[in-house]
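Taking the working numbering, the leading residue of the sequence shown gets 1, the next gets one more, and so forth.
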Amino acid sequence: MVDDARGSDLQSGGLRSVLGTLRGGAWIWREMSSRVRLEERRRRCSERSLGRVEGGARGLVGGACGGWARWTGLGGFVSDLGEIRSGGGAGHARQKGGGGVLRSCSVLLCSNNFRLFCTQACVLDLHPSHFIVPELSPDTAFSYSSHKAVTEYKEAKALGVDTVPVLIGPVSYLLLSKPEKGAEKCFSTLSLLDKVLPVYKEVIAELKAAGASWIQFDEPTLVLDLESDKLQAFTKAYSELESSFSGLNVLVVSYFADVPAEAYKTLTGLNGISGFGFDLVRGTKTLDLVKSGFPSGKYLFAGVVDGRNIWANDLTVSLDTLNALEAVVGKDKLVVSTSCSLMHTAVDLVNETKLDDEIKSWLAFAAQKVVEVNALAKALAGQKDEAFFSANAAAQASRKSSPRVTNEEVQKAAAALRGSDHRRATNVSARLDAQQKKLNLPILPTTTIGSFPQTIELRRVRREYKAKKISEEEYVKAIKEEISKVVKLQEELDIDVLVHGEPERNDMVEYFGEQLSGFAFTANGWVQSYGSRCVKPPIIYGDVSRPKAMTVFWSSMAQSMTSRPMKGMLTGPVTILNWSFVRNDQPRFETCYQIALAIKKEVEDLEAAGINVIQIDEAALREGLPLRKSEHAFYLDWAVHSFRITNCEIKDTTQIHTHMCYSNFNDIIHSIIDMDADVITIENSRSDEKLLSVFREGVKYGAGIGPGVYDIHSPRIPSTEEIADRINKMLAVLESNILWVNPDCGLKTRKYAEVNPALTNMVAAAKQLRKELSSAK
């Protein structure tokens, strides 16, 4: 997008143009404004509430420059490609803007996303955080019915703002779609390329007629391990579109990882393209490819400012990189850019008035990253802001030397972890026998995942305690009463293994981060997770340790209220890592090991306090997977190792549970088994019970397992018969002596009017199946 002052064109005067991205979109800065002017525009923009449209398609967010936006031609990243007719019937989601129907599901796409709502994470690390996945068939017909891209381009233009429309590229559109249920296995979504390209031509023609001079195509799938036929699809698609590009500047962008050599060759060989954008923060190998050869006369949009984290850029290092690239691509063809959309970072650091000044100096949110981009562009043009660069260098030095960052004791303990598997001494079968003797649970034991509904009154109590409007004594009394209510309810429902309901917790990561050293928290650092849902991730700035017990007080209190087993509830190290802004000055696995050691101490304290069942949630294990399958093994090795560290030294009689949700786990089932948990409860009902298919295919699993029997994300109350039917399907592939009965996930977002009957039916179904199993013997 262009600043509303509309400076000189990309071709003119040797000015360094700046490409950045703000919350789901791209803009081009054609005039290198002063830092003072940028700050003034940021302040003005922060005074407005600029709204957001469903699906992240338009991002008018109060950021660094008034009026910056993303004008997305195909709607919410993938799914809004006009009208899509696929011969769908009942149950198909109606596509916005037309009478056609499109079956779709929501999918996680970014490995640093926070709080997943959606399930089938087929590709990680692209943008935005989630997207709606079209389900396509050989009969799918595409037509151009939603003119969103053009409408919003004209809307901005009428306000005096010249934008760059951003469209999901045709090949990535198809590769990120999936075959409709029932389609033949041999069907490839890429076979629809010839059908979808005419729609792209219509969109391009209308944008051109509306006055657009630049169009950006996002092709994020270029960073994946693509076979030759898929790479050839890029050549075919852009050759077919080349005639439509006449009179336009066309930019093709990829991000979040290295572009492999063959993909780089294919991309830079495309016809009719004016420029190419790369993530050079996580794409260090791509940087080498650019240095070894870049097409003459093309623009390089160099993504040197990290768009996926909140750390201030090392401007000196970035400027050195840009100077080296200038020698390759030419003085007038280098464009300074963020590495990706800034939707993955918080909006503006100026709003953090309570954040520690030293830590604040190390940070840069979206507004500050835009200023960094502009400062680098000016420096390349010989207008270096020495004061700004000096302040940046001082902040970088402060971060490296601050005693708040480094804890030698923690680093030594984490380093000592290498070279050992950290497995419990006894195998899981023997442990389960020892645990059963102690716990004396029935066949098909029932439990819930952890949280119970958080009422308005409960949230008020936490809020007032945080604001110091009520005393600690009043707070403890209120939370104790809530725990007592939850425990009594579970006993009345006759649930076998209880939870305390987590009334003291605002968030399953922030709650622990607030009690661990090395974490900082923002007041307004919100990041979009999906739709209108946002989260406020903690910041891991230094070595992590646990100063004191975090959950023992509440878990012990809850256990004292019942004779039934009470689960201690913890968030696992990998989930804490993946749902935080993580320090970038050491490998992620080192930080994860530090967190694992902190959780290990908590596990051992819970055991010492008499808690015999401890759940260590790893909801985000799959999210951290690298984009390329060739890199999965290394990640899974240290992630699974981190989990095992947390419980490697406890007694055989202490039962370790873990919980996972929001993903398709079939392709990592062997890593899940390698976690060596005693029991795993796992999302199942929302993914058409795909989890069960791995057991039908012969995967052997000897630990306890509880595939979710009903979907807690819906207010719908499942019947006893429905739940019993699900359990029977599980019994067809799993032994009854390892099967647990539980919901898909925690009950925090539900109402008691929904929870009570659903759990009643769940327990009734379990009892019914117990009788049937007993009579069958």
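From the three backbone atoms N, C-alpha and C, an ideal C-beta is built for every residue, glycine too.
With respect to lysine 354, alanine 523 sits close: the two C-beta atoms are nearer than 8 Å.
Glutamate 352 carries a coil assignment under DSSP once its states are collapsed to helix, strand and coil. Between the alpha carbons of valine 486 and threonine 760 lies a distance of about 14 Å. In the three-state scheme derived from DSSP, where H, G and I count as helix and E and B as strand, histidine 344 is classed as helix.
If you draw a 10 Å sphere on the C-beta of lysine 600, you find 16 or more other C-beta atoms in it, and that means buried. The C-alpha of serine 429 is placed about 30 Å away from the C-alpha of glutamate 502. If you draw a straight line from the Cα of aspartate 288 to the Cα of proline 260, it comes to about 11 Å.
Between the alpha carbons of leucine 174 and threonine 221 lies a gap of roughly 10 Å. For glutamine 383, the number of other beta carbons within 10 angstroms of its own is below 16, and it is reported as exposed. Cα atoms of histidine 657 and asparagine 374: separation of roughly 50 Å, rounded to the nearest angstrom. Inclusion of phenylalanine 234 and leucine 193 in the CB contact set at 8 Å is not warranted, their separation being larger than that value.
The beta carbon of alanine 413 is closer than 6 Å to those of Leu597 in its chain, skipping five residues each way along the sequence.
Taking 3 residues as the shortest admissible run, the segment 599-679 contains the following complete beta strand (DSSP E) segments, listed from N- to C-terminal end: 613-617, 655-660. One Cα belongs to lysine 480, the other to serine 188, and the distance between them is close to 56 Å. In the structure shown, tryptophan 554 adopts helical secondary structure according to DSSP, grouped into three states.
Residue burial annotation: valine 527 is buried, with at least 16 other C-beta atoms found within 10 angstroms of its C-beta. Secondary structure note for asparagine 249: its beta strand (DSSP E) is the uninterrupted segment 249-253. Between leucine 747 and phenylalanine 452, the C-beta gap is smaller than 8 Å, which places the two residues in contact. Sequence-distant Cβ neighbours of asparagine 584 in its own chain, meaning closer than 8 Å and more than five residues away, are Asp306, Asn309, Trp311. Under a 10 Å Cβ-count criterion, proline 587 is classified as exposed, with fewer than 16 other Cβ atoms of the shown protein chains found around its own Cβ. Annotated as distal: aspartate 507 and proline 442, with beta-carbon spacing of 8 Å or more. Here DSSP, grouped into helix, strand and coil, assigns leucine 444 to coil. Taken atom to atom, the span from the alpha-carbon of valine 371 to that of serine 213 is near 25 Å.
About 5 Å separates the Cβ atoms of proline 565 and valine 613, confirming a contact at the 8 Å cut-off. Cβ-Cβ separation between asparagine 664 and glutamate 623: approximately 12 Å, too far for a contact (criterion under 8 Å). DSSP places glycine 704 in the uninterrupted beta strand (DSSP E) bounded by 704-707. Leaving aside the five residues that flank arginine 505 on each side, the residues in its chain whose CB is nearer than 7 Å to its CB run, in chain order, Tyr511. Across the structure, serine 736 and leucine 444 are spaced so that their CA atoms are roughly 7 Å apart. Rounded to whole angstroms, arginine 463 and leucine 322 show a C-alpha spacing of 47 Å.
DSSP places threonine 749 in the coil class of the three-state scheme, outside both helix and strand.
Distance between leucine 325 and alanine 364, taken at the CA atoms: about 24 Å.
By the neighbour-count criterion, in which a residue is buried when 16 or more other Cβ atoms sit within 10 angstroms of its Cβ, phenylalanine 276 is buried. Using a 10 angstroms sphere on the CB of threonine 151, the tally of other CB atoms stays under 16, which defines it as exposed. Under the 10 Å beta carbon count, aspartate 605 is surrounded by 16 or more other beta carbons and is classified as buried.
Contact between isoleucine 449 and proline 743 holds, with the beta-carbon distance rounding to 6 Å and staying under 8 Å.
For the options Ile672, Val582, Glu590, the alpha carbon positioned closest to that of alanine 619 is the one of Ile672.
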